[in-house]
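In our numbering, the protein residues as written are 935 to 1289.
Set out below in structure tokens:
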């Protein structure tokens, strides 16, 4: 079968600024939309923002401009929490103790840290009224978590019958869902279901994207799901948002909520991304290429003050890796896909456990 190329964009909050800068520089050198080189684009959280734009036909420069314009606004702090009645007397003292123990404000114990209205405004401005139906430049998958059903959910373009179910969902709503990191932003209600950040289970969507590619190839091959697995023609370019270096020393012989409250998300997210590389190398070998940068300092997910640095690092990495990326991935021209308009094959797919 013909070569199938995947672009996978990892989550990482505002550090997605590195990805936009990197892709923009590559695209300027390439001289055509970078999305033309990929048959499938996957993105989680901040990576989902960029992936959706590229898959909908926006150039990398436009996604870069989005982060220039809205990056700082996305993480807009809320007004201080107003305690009620008797709590007003003890709240300042309890808050001081909480900050000493966790490094964060007790405000975050009652609600998410950042204003959802700024997030909604940014995505509505950037993507307008576009829905998933309008994602037809190349294939797209964006993971999230459906809290109502208690299961992972993959928002996808109409490249498979299941994608028809999401066709009327606004892209901006999909992106709020995949970026709704617990404690950072409120969950996103779409219809009857509540969604949160796909980074909870797929911070690096690369393995998910490989599975999706196999499924696409199976379906194109016979118009029905088969159990044949072939990765010989699948090539994956993965772009990270900084290789975190963490080393923790929990206090004493045990540690509880106060210690882990401000640390568990970073440890889980970083470990999850690190753990994906081994199976990818096993399945794809030299067909897997990962681009990242080492963080010599702590750049938090909401560190908007680091945006200029991230842009500069992206430019530098693009200059140092362009030749290798060009030789490996930029000679390919993706084939436009034919969007599904009905779910006639959906039941047959479900019999094989696909969701």
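No residue lacks a Cβ here, since even glycine has one placed at the ideal position from N, Cα and C.
How big is the Cα-Cα spacing for residue 1229 and residue 951?
In a straight line, the C-alpha of residue 1229 is about 14 Å away from that of residue 951.
Write down the C-beta distance between residue 947 and residue 1236 rounded to the nearest angstrom, noting that I regard them as a contact closer than 8 Å.
With 8 Å as the limit, residue 947 and residue 1236 qualify as a contact, their Cβ atoms being about 6 Å apart.
If you compare alpha carbons, which of 942, 1223, 1181 is closest to residue 1255?
For residue 1255, the nearest C-alpha among the options comes from 1223.
Hey, residue 1241 and residue 1005: beta-carbon distance below 8 Å or not?
Yes, the pair counts as a contact, with Cβ atoms nearer than the cut-off.
Alpha carbon to alpha carbon, how far is residue 893 from residue 1186?
Residue 893 lies beyond the residue range present for the chain, which begins at 935 and ends at 1289; the question has no answer from this structure.
Are there any heavy atoms of the ligand ATP lying less than 7 Å away from the beta-carbon of residue 993, as far as the coordinates show?
The ligand ATP is not part of this structure, which contains no ligands at all.
With a 10 Å radius around its C-beta and 16 neighbouring C-beta atoms as the bar for buried, classify residue 1182 as buried or exposed.
Its Cβ having fewer than 16 others within 10 Å, residue 1182 is exposed.
Under DSSP, the beta strand (DSSP E) around residue 1088 begins and ends at which residues?
Run containing residue 1088: 1085-1090, per the beta strand (DSSP E) assignment.
Just to confirm the assignment, what range does the beta strand (DSSP E) spanning residue 1222 have?
Per DSSP, residue 1222 belongs to the beta strand (DSSP E) from 1222-1225.
Inspect the CB distances between the segment 1105-1124 and the segment 1139-1154 and report whether three or more fall short of 8 Å.
No, they do not touch.
Check for me: the beta strand (DSSP E) holding residue 1076 runs from which residue to which?
Segment 1073-1080, the beta strand (DSSP E) holding residue 1076.
Counting pairs of Cβ atoms below 8 Å between the segment 978-992 and the segment 1255-1274, do you hit three or more?
As far as the Cβ criterion goes, the segment 978-992 does not touch the segment 1255-1274, which means the pair count is below three.
Using a Cβ-Cβ cutoff of less than 7 Å, which residues in the same chain neighbour residue 1213 once the five nearest sequence positions on both sides are dropped?
Correct list, in chain order: 1141.
Taking the DSSP output, what are the residues bridged to residue 1259?
Residue 1259 is not bridged to any residue.
When we look at the beta-carbon of residue 961 and count the other beta-carbons within 10 Å, is it buried (16 or more) or exposed?
Classification for residue 961: buried.
By Cβ distance below 7 Å, which residues in the same chain neighbour residue 937 in space, the five residues on each side in sequence not counted?
Here the set comprises 1167, 1169, 1266.
Buried or exposed, going by whether 16 or more other CB atoms sit within 10 Å of the CB of residue 1202?
With fewer than 16 other Cβ atoms within 10 Å, it is exposed.
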